[in-house]
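In my numbering, the protein residues as written are 33 to 228.
Written out as structure tokens, the structure is:
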């Protein structure tokens, strides 16, 4: 019985080492499969720079899990890379999340509170789907609840949100990166393409 346990242990160790080696093998990134180049170049605010846009939703579990990797990747980029976040609401009842994003951005609180919002939604099970829930949560973070509710960015976001939805519908319906490609962000093998 002891010999059988030894053999089983050795097998499991060797299997684990082999499995780990396979997981570390680099994956080739292929245009048309892992990503695609948009035929119509998006206008950018900063000429001569690389613009990377993340389309996200506060309630997306994949966005939440990916956020630490993305932040690390952003820190490793040169100064010619400009990163932007664009909130997407796929249903009307999710629109308050997009409104919250733009209101916080207009107040200069987005960088501080975006991670906290995702944590509240994914770890504390807060939905933040109506004005009272949002105002109460923001007040608990030290922001005057009236500032968020009365913010012009919270009240009048039709144009910005419509722009974001239009971009998604026109060219980004499918994810630009597959999950396997996201692993390359750690090693910086995936470089953003320059806009022409």
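Positions of the beta carbon are idealized from the N, C-alpha and C atoms, including for glycine. In this text, all values refer to a predicted model and were calculated from it rather than measured experimentally.
Of the candidates 110, 112, 129, the residue whose Cα lies closest to the Cα of residue 167 is 129.
For residue 133, no beta strand (DSSP E) run applies; the uninterrupted alpha helix (DSSP H) run containing it begins and ends at 127-138, by DSSP.
According to DSSP, residue 88 shares a beta bridge with 119. Counting the other Cβ atoms within 10 Å of the Cβ of residue 172 gives fewer than 16, which makes it exposed. Contact between the stretch 129-140 and the stretch 95-105 is absent: fewer than three C-beta pairs spanning the two stretches fall below 8 Å. Residue range 142-154 is occupied by the alpha helix (DSSP H) that includes residue 146.
The beta carbon of residue 142 is closer than 6 Å to those of 136 in its chain, skipping five residues each way along the sequence. Taking a contact as a CB-CB distance under 8 Å, the pair residue 126 and residue 104 does not count as one, their CB atoms being some 27 Å apart.
In the three-state DSSP reduction, residue 170 falls in the helix class (H, G or I).
Rounded to whole angstroms, residue 89 and residue 108 show a C-alpha spacing of 24 Å. In the DSSP assignment, residue 160 falls outside any alpha helix (DSSP H) and carries neither an H nor an E.
The beta-bridge partner set that DSSP reports for residue 63 consists of 67.
Collapsing the DSSP output to three states places residue 82 in a strand. With a contact defined as Cβ atoms closer than 8 Å, residue 61 and residue 83 miss out at about 20 Å.
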